[in-house]
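Asks: Numbering (UniProt numbering), first residue to last: 1 to 67.
Where a beta carbon is used, it is the ideal one built from N, C-alpha and C, also for glycine.
Just so it is clear, the structure is predicted and the values come from calculations on it, not from any experiment.
(1) Need the endpoints of the alpha helix (DSSP H) that residue 48 sits in, please.
(2) If we count the other Cβ atoms within 10 Å of its Cβ and call it buried at 16 or more, is residue 37 buried or exposed?
(3) Of all the options 23, 61, 65, which has the alpha carbon lying nearest to the alpha carbon of residue 41?
(4) Taking 9 Å as the threshold (C-beta atoms), are residue 19 and residue 35 in contact?
(5) Just to confirm, is the Cβ distance from residue 71 to residue 21 under 9 Å?
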């Protein structure tokens, strides 16, 4: 099967090839489960990492939703 770019409209034609990778950030350990057809399957991409580094944690009380 040919490799499709992640912006391709035919993502349902990709074979599943699940994998996972681990990421440590600010004393927290994360495990990401991923599959073919996603933007950055093997690591946190530079833009996402820069966004994480810029985030300033704010203590919030009660339920909240970030969309």
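Replies: With the given structure in hand:
(1) 46-54 is the extent of the alpha helix (DSSP H) around residue 48.
(2) Per the 10 Å Cβ criterion, buried.
(3) That would be 23, whose Cα lies nearest to the Cα of residue 41.
(4) Cβ atoms of residue 35 and residue 19: closer than 9 Å.
(5) Any answer about residue 71 is impossible in this case: the structure gives the chain only from 1 up to 67.
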